[in-house]
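The structure is reproduced here in structure tokens:
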């Protein structure tokens, strides 16, 4: 990606041992620890509605 856009993950993600996210292809999911996703995506936790 040429431009780095801010990424946010809902605060409730921290309540789970693992979460499932899209792997970018139809029908493929990745199961990952929320803290790992925050680090990899350079995201911040936020109170999303």
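Residue numbers (our numbering): -6 to 42. Note that beta-carbon positions come from the ideal geometry of N, C-alpha and C, so glycine has one too.
CB-CB length for residue i against residue j, believed under 8 Å
i          : j          : result
residue 11 : residue 24 : 5 Å
Among the options, the one whose alpha carbon lies nearest that of residue i
i          : options        : result
residue 41 : -3, 5, 19, 35  : 5
residue 29 : 13, 17, 21, -4 : 13
residue 38 : 26, 16, 0      : 0
residue 9  : 17, 34, 26, 22 : 26
Opposing strand residues paired with residue i [DSSP bridges]
i          : result
residue 14 : 23
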